[in-house]
Every structure is written in C-alpha cells, then in structure tokens.
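Positions 1 to 213 (the UniProt record's numbering) are the ones given, in order, by the sequence shown. These notes concern the structure reproduced below.
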Amino acid sequence: MERLLIAHWGEAHRAYLRGRSLHNIRIERLWRDVRKDTLETYRQIFIYLTDHDLLDMKNPIHCACLFLVYQPRIQASLDRTRDGWNHHKIRTERNKTPLALYEISREAAMKRGYWTGDPGDDLEDVVNDPLYGYDGEAPLPPPAEADDTVNTTETPVGTDGEREAGICVNDDDELDAVKELMPDFDFEEDDHNWGIDVYCRAVVVLTTIMAEH
C-alpha cells in the first residue's frame with residue numbers, strides 16, 4: 001500500500017505516514033494489544049529459531065518455509081485478537097463493545113433514513129484487486145506542509161530493492177512453486193510446539209528436493 005500511494009502521489013504529498021500516532025489513543029491501545037496478544041509470541045519464536053541457527057533470513061528456502069508455516073498461524077491468532085477486541089467492553093462508552101456500538105449507529109442511521117442497506121463491494125473482489133480504491137484519474141492534492149515530527153525514509157522499489165534493503169519478501173510465484181514441490185506436506189499441522197517442528201521438517205524436505213533438482 002505504501003509503495004502504491006507513493007508511486008501515485010509522490011513523496012511530497014505524504015500520502016503514507018510512518019511512525020506512532022500521537023493523537024488516536026484508542027488505536028494505540030489496539031496496536032498494543034495486537035503486539036502483546038499476537039505478534040510478540042511469534043517474534044520470540046523467530047528469535048529462538050535465529051539464535052539456534054535454524055533460521056537464516058538470507059536463505060530463500062528458510063524464508064519460504066517460514067512464511068508457509070507461520071502465515072496461517074499468525075492470521076488465525078490475529079483473527080482471535082480481532083474477535084476479542086470487537087467484544088471487549090469500552091469504559092468510556094458505558095461498557096458497550098465495539099460491535100454493539102456499530103449496531104447502535106447502524107440502527108440510528110436506518111431510523112434517520114440514510115442507511116442504504118448497501119453491503120459494499122464483494123470481499124473477494126476487494127481482496128483479489130491490487131488496485132482496489134485506486135483512481136488513476138483523480139486530481140493530485142496539494143503537497144503537504146513540512147512536518148518535522150514525521151520521519152521520511154527512502155522507500156525500496158520493487159521486490160529486489162526490498163531484498164537489498166534487508167526486507168524479507170516472498171514472491172507469490174516462489175511460494176506456489178514450493179507448494180507444487182511439496183504437495184503432500186501439511187504446513188498447518190499442529191505439532192504442539194508452536195510450529196517449530198513443522199518448520200524444521202519443511203526446511204529439511206525442501207532442501208533435499210532442491211538438491212535433487
């Protein structure tokens with residue numbers, strides 16, 4: 001998303017902001033919970049794998065296996081965090097949950113006559129369209145005022161540029177190729193060890209297959 005926004009609007013328009021929000025406390029609390037309840041667990045797992053020489057982020061086999069084993073696990077954990085967040089009580093809203101607040105606002109909109117009932121675009125169309133929400137004919141907004149509180153960094157261009165910058169990027173074609181080479185391997189198997197055993201087996205199997213090719 002950052003690459004797309006910068007490519008369209010340019011660096012001067014500050015269409016994408018990095019760093020910590022200083023104003024939206026509720027969103028900051030959400031990110032804290034996401035880090036604490038989901039991301040920290042996997043960060044510790046990846047540190048463990050690296051410290052024990054089981055993970056080398058410069059090794060494409062390790063990167064592919066890491067993604068295929070842990071992406072569905074991380075997504076499932078994020079889904080649980082999302083569900084928990086949507087049902088937690090907000091003190092400043094008289095202990096109503098975010099889901100309840102949405103339903104209340106929806107009913108109010110229906111009573112006032114400006115709820116159209118339109119469910120919006122189909123989710124599959126949104127997910128499968130990399131340019132969803134992009135209007136190539138939209139006029140450019142005025143360049144943003146200089147803001148010393150926002151740190152700008154040079155954005156790597158393309159997959160190769162991101163890899164050279166030390167950002168691990170798994171190409172979709174590469175991941176599909178790995179799946180074709182390992183059609184019977186269950187990357188989502190529950191090994192009761194946070195996926196570590198599955199990851200290690202995947203690396204061994206894929207390394208053997210690649211050596212034979």
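Beta carbons are placed, not taken as given, at the ideal position from N, Cα and C, and that holds for glycine. Model, not experiment: these values are computed from the prediction.
Beta-carbon separation (whole angstroms), residue i vs residue j, contact threshold 8 Å
i	j	result
residue 195	residue 73	6 Å
residue 206	residue 90	So it is not a contact: roughly 46 Å between Cβ atoms.
residue 197	residue 191	4 Å
residue 38	residue 81	5 Å
Secondary structure of residue i, DSSP reduced to three states
i	result
residue 195	coil
residue 162	helix
residue 116	coil
residue 170	coil
residue 182	coil
residue 2	helix
residue 219	Here the chain covers residues 1 to 213 and nothing more, so residue 219 does not appear.
residue 121	coil
residue 107	helix
residue 176	helix
residue 206	helix
residue 188	coil
For residue j and residue i, the rounded distance between their alpha carbons
i	j	result
residue 210	residue 182	11 Å
residue 104	residue 49	47 Å
residue 95	residue 87	10 Å
residue 35	residue 2	21 Å
residue 201	residue 63	14 Å
residue 131	residue 47	35 Å
residue 102	residue 108	10 Å
residue 120	residue 53	47 Å
residue 110	residue 116	8 Å
residue 10	residue 189	44 Å
residue 172	residue 114	42 Å
residue 65	residue 129	26 Å
residue 29	residue 78	15 Å
residue 57	residue 43	14 Å
residue 212	residue 27	50 Å
Other residues of its chain near residue i: CB distance less than 6 Å, five sequence neighbours each side excluded
i	result
residue 98	86
Chain-order list of residues whose beta-carbon lies under 7 Å from that of residue i (same chain, five-residue window excluded)
i	result
residue 33	81 and 85
residue 170	63, 64 and 67
Sequence-distant residues of its chain with Cβ nearer than 8 Å to residue i (five each side left out)
i	result
residue 134	4 and 8
residue 174	60 and 64
Checklist entry - What runs of the alpha helix (DSSP H), each 4 residues or longer, lie entirely inside the UniProt domain "Integrase core" (8–103)? => result 25–34, 40–51 and 60–86
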